[in-house]
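In my numbering, the protein residues as written are 148 to 276.
Just so you know, even glycine gets a beta-carbon here, dropped at the ideal spot from N, CA and C.
The block underneath contains the structure these notes are about, expressed in structure tokens.
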């Protein structure tokens, strides 16, 4: 229902290794589980080294809009990891985007428009809360 508390989404960037440029230490490789699954405070600190703007947005009607983000490093192999949290307590519901490139400039907007757990047949998606 529309009154359900979905918490907030925290955005982290990771890289998949397709870009030959060396990655800074603050950027996790997407398949490095120990890095991308850090606790909330560590994830926020890591994300702030790469992403400027409001990196945590509350869900409203199932959407978590990110409209003021900028990235300090251009790469061609970024993926965004969205981690659901409730007042800084991370849940097990995460989503990862496909690969995208960031060129010098400013991001216009970014928003999550669907909870991956709502897709029929999604065997790896946790049940929505």
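Go to residue i, then tell me how far its alpha helix (DSSP H) extends in each direction, as first and last residue.
i           : result
residue 195 : 187-195
Is the distance from the Cβ of residue i to the Cβ of residue j below 8 Å?
i           : j           : result
residue 203 : residue 156 : yes
residue 191 : residue 216 : no
residue 154 : residue 231 : yes
residue 209 : residue 229 : no
residue 173 : residue 193 : yes
residue 226 : residue 182 : no
How many whole angstroms separate the CB atoms of residue i and residue j, which I take to be in contact at a CB cut-off of 8 Å?
i           : j           : result
residue 185 : residue 213 : The pair is not a contact, with the Cβ atoms about 20 Å apart (cut-off 8 Å).
residue 236 : residue 206 : Rounded, the Cβ-Cβ distance is 15 Å, inconsistent with contact.
Identify every residue that forms a DSSP beta bridge with residue i.
i           : result
residue 278 : There is simply no residue 278 to check, as the chain begins at 148 and stops at 276 in what is shown.
residue 247 : 225
residue 157 : 203, 230
residue 218 : 198
residue 236 : 233
Starting from residue i, trace the beta strand (DSSP E) in both directions and tell me its first and last residue.
i           : result
residue 203 : 203-205
(message) Would you call the stretch 214-226 in contact with the stretch 160-175, where contact means no fewer than 3 C-beta pairs closer than 8 Å?
(response) Yes: at least three Cβ pairs fall under 8 Å.
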